[in-house]
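According to our numbering, the first sequence is numbered sequentially starting from 693.
Think of the CB as a built atom: it goes at the ideal place given N, C-alpha and C, for glycine as much as any other residue.
Model, not experiment: these values are computed from the prediction.
Encoded as structure tokens, the structure appears first; notes follow it.
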Amino acid sequence: MTAKKVVTRFAPSPTGNLHIGGARTALFAWAFARQNGGQLILRLEDTDLARSSPESTKSVIRDLLWLGLEWDQGPAPTTDPGVDPYARDIQIGDKGPYFQSQRHEDGIYDVLIQKLLDSGQAYEDEDAVRFRMDKDIAFDDVVYGRIEIKADDLEDFIIRKGEKGGRLPTFHFAVTVDDALMEVTHVIRGQEHLTNTPKHAALCDAMGFDRPQWVHLPSIMNADGSKMSKRDKAKAARKAANDADLQPADDNMAAFNAKDNDDTDIANAIAEALGLSLPEIEVADFKRSGYLQHVLLNYIALLGWNPGDGTERFDLDFLIKHFGYDRIGKSNSQFDRTKLAKFNAEALAEMPADKFHELLLAHCKAYHLDFLDKIGEANFQTFAGMYQARSQTLNTPTEMGRFFVCDDDAIEYNAKAVKKNLTKSDGEGLNVLKQFRDELNGCDDWTGDTLHALIESFTEKHQLKNMGSIAQPLRVALTGNAVSPEIGPTLELLGKQTVLNRIDRCLKTITTDSD
RNA sequence: GGCCCCUUCGUCUAGUCUGGUCUAGGACACUAGGUUUUCAUCCUAGUAACACGGGUUCAAAUCCCGUAGGGGUCACCA
């Protein structure tokens, strides 16, 4: 007997954006299929009419494609807005359709339910259909081992909803049937399904299907130990909205504020209005925050799995080569954004400068148009260059470099920085700044190199301690703070007029008496 | 609450199956020092864990039992 060809599947319900935990499940299913020359199926479990939406389907497809996890069967792998992923003729694979709502239309489930009814293994309960669970049941999970459940702890459960549920099959029934009919060999999913699995095993047995291999993955948790969920975003947004006394824009938002729903779109809208960042939970959040897809995949692969030889930084080829269920842990893990950020920072620092430039430009085009407008594409390379080594994410330059785009008189001076670099020792810094202002004013070749040389020669001429004696007062005048990238490129990018304006304003605003 | 699962540094983990090589290793974080015009980077050093209690054994992080803690699940949600 030859081993069956490996078939894995990722089967999200289209009720929102792709969650980070779902991304890890998809990643492992993808890697295992690729490792074994098998296939990955993308199937949409949309049997809950009320919660499923085409928008969610599209966003799941978008996010999976962004991550680079392509499937062999399922909806057409495209984000083209002109393409309807539900269209049957463009779905790929010969086991379709790949939407459970469509499979229901085709009568796939009803035939099998009728058989169970006829054989007495299921019975009608009001207008629903219930499956009998009257025997002890055991199954083997690849990660958790053998699980045995006594009949007394099992209850008959609904396999087909009644009228109010549209007579659709329930999740338990549909997954079992679809996995069997699509010849899925390995069911990889979150650990929350472990206690559902006896139901699926019993259903397989009752319908004469071979049981698949079940692979349950431990959960991904927040730093406080709670489960990472989109409710975290809602909670954070709600709190911010309350603190800021934000008036609800519409009924939806009012319901959101009253905790009647946890809509992440509303959460995002509030965050945008208030200019705050919510905890990243969904793949799209990480994208927006400026994480690279391969870094994100690398990091989440490490949550619950490791190659065993200490390697932590790896790419997808490595994962395909080394992935194995025997090295998946059983305990839940907390998501550590700091470690992710470090991984991301390293990846950004390592890449060629033009690659970083290209990515940052694309990121700003998508999320930070104000920077693009103010800095201009011509100067963008300089901007990218000065932040590459200091960036944790593609958002770092726009966070740290806020001063590049703000108005000259919007600079707020940090008191500590002012004292240390300007007013201390009878305004030593202010004096240097005043003198150097004239040097700058006389400079005709406004480039980073020339300006750097100007600072150096000025330092020597006036026998100052080091470049910092000028650079630091300049930083405070230009940014309000004692921190900026190298001073030469900073001056260049700000431009002569802005630099002089800000120095003048600083000299006018800050005096030794104000201290 | 019933049932199921889990428990090594703050966090992710190696080691557990096949007890001795573990005075428990790595990474991120943290602390100290160094390099640097600031910040970041980088370099060096350091702090820090086998949940608890019993048992088995010459020997236990590793095997057994119990306790505690955490998670999941008990829907016509998935």
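Is the separation between the beta-carbon of residue i and that of residue j shorter than 9 Å?
i: Phe849; j: Arg903; result: no
i: Leu741; j: Ser793; result: yes
i: Ala723; j: Ala993; result: yes
i: Gln765; j: Tyr801; result: no
i: Leu1061; j: Leu1053; result: no
i: Leu968; j: Phe978; result: no
i: Leu970; j: Ala976; result: no
i: Ala644; j: Asn960; result: The first residue shown for the chain is 693 and the last is 1207, placing residue 644 beyond what the model contains.
i: Phe1096; j: Leu1185; result: yes
i: Asp719; j: Leu757; result: It is Leu, not Asp, that sits at residue 719 in the sequence shown. No, Cβ-Cβ distance for Leu719 and Leu757 is not below 9 Å.
i: Ile958; j: Val834; result: no
i: Ala1174; j: Asn1113; result: yes
i: Pro940; j: Ala946; result: yes
i: Val699; j: Val876; result: yes
i: Leu710; j: Ser751; result: yes
i: Lys1013; j: Glu974; result: no
i: Gln813; j: Phe1015; result: no
i: Gln905; j: His864; result: no
i: Glu778; j: Thr749; result: One detail in the question is off: residue 778 reads as Tyr in this sequence, not Glu. Contact flag set, yes.
i: Thr1190; j: Asp1100; result: yes
i: Met1092; j: Tyr1105; result: no
i: Ile841; j: Ile829; result: yes
i: Thr1074; j: Gly1140; result: yes
i: Ile1195; j: Leu1170; result: yes
i: Leu732; j: Ala721; result: yes
i: Val1110; j: Ile1179; result: no
For the alpha helix (DSSP H) that residue i lies in, which residues bound it at each end?
i: Asp1101; result: Unbroken run through Asp1101: none, as it is neither H nor E.
i: Gln1164; result: Gly1160 to Thr1171
i: Met1078; result: Phe1072 to Tyr1079
i: Lys1116; result: Lys1116 to Asn1133
i: Ser748; result: Pro746 to Leu759
i: Leu1064; result: Leu1061 to Ile1067
i: Met1043; result: That residue, Met1043, is in no alpha helix (DSSP H); it is neither H nor E in DSSP.
i: Pro1089; result: Thr1088 to Met1092
i: Asn953; result: It is not in any alpha helix (DSSP H) - Asn953 carries neither H nor E in the DSSP assignment.
Relative to the C-alpha of residue i, which candidate in the options has its C-alpha closest?
i: Gly882; options: Met913, Thr862, Asp798 and Pro940; result: Met913
i: Leu1125; options: Asp1136, Gly1160 and Asp1137; result: Gly1160
i: Ala1041; options: Asp1028, Ala1070, Ala1033 and Arg1082; result: Arg1082
i: Asp1130; options: Ile1162, Asp1100 and Gly713; result: Ile1162
i: Ala768; options: Arg754, Ala820 and Gln783; result: Gln783
i: Arg859; options: Asp819, Val699 and Pro777; result: Asp819
i: Lys1108; options: Thr1085, His1154, Lys1153 and Val1168; result: Val1168
i: Lys807; options: Phe823, Asp798 and Ile1179; result: Phe823
i: Pro910; options: Lys1022, His711, Gly730 and Thr1074; result: Lys1022
i: Leu1146; options: Leu1132, Gln1155 and Leu1156; result: Leu1132
i: Asn1024; options: Asn1087, Ala926, Thr1088 and Ser918; result: Ser918
i: Cys1056; options: Leu938, Arg980, Leu1170 and Asn1193; result: Arg980
i: Thr1115; options: Leu1166, Arg838, Thr1003 and Gly900; result: Leu1166
i: Arg1094; options: Ala1037, Glu847, Gln1026 and Ile1067; result: Ile1067
i: Leu734; options: Gly785, Gly713 and Lys697; result: Gly785
i: Gln1084; options: Gly1187, Ile1202, Arg1005 and Lys1034; result: Lys1034
i: Tyr1017; options: Thr707, Asn998, Gln1189 and Glu847; result: Asn998
i: Glu1050; options: Trp1138, Gly857, Phe1072 and Asn1036; result: Phe1072
i: Glu797; options: Arg780, Ala1058, Thr956 and Ala1045; result: Arg780
Can you tell me where the beta strand (DSSP E) with residue i in it begins and where it stops?
i: Val803; result: From DSSP, Val803 is part of no beta strand (DSSP E) but of the alpha helix (DSSP H) over Ile800 to Asp810.
i: Arg701; result: Val699 to Phe702
i: Asp832; result: Ile829 to Asp833
i: Gly882; result: His878 to Gly882
i: Arg838; result: Gly837 to Ile841
Sorry if obvious, but does the Cβ on residue i come closer than 8 Å to a heavy atom of the ligand SAH?
i: Leu1143; result: In terms of ligand content, the structure shown is empty, and the ligand SAH therefore cannot be addressed.
In the DSSP assignment, what residue or residues form a beta bridge with residue i?
i: Met913; result: Lys919 and Gln1026
i: Arg822; result: Tyr815 and Ile850
i: Gln765; result: Ile733
i: Phe901; result: DSSP lists no partner for Phe901.
i: Val907; result: Ile880
i: Phe791; result: Leu736
i: Pro861; result: Arg852
i: His885; result: The partner list for His885 (beta bridge, DSSP) is empty, contrary to what the question assumes.
i: His1144; result: Paired residues: none, contrary to the question.
i: His1055; result: DSSP, once it has assigned bridges, lists no residue as partnering His1055.
i: Ile784; result: Gly766
i: Ile1020; result: Trp997
i: His892; result: None; His892 has no bridge partner.
i: His711; result: Glu974
Let me know the alpha helix (DSSP H) ranges lying completely inside the segment 1169-1196, each 4 residues or longer, listed in chain order.
1179-1186
Would you mind listing the alpha helix (DSSP H) stretches within the segment 964-1016 that are 4+ residues and don't spill past its ends, in chain order?
975-980, 985-993 and 1008-1014
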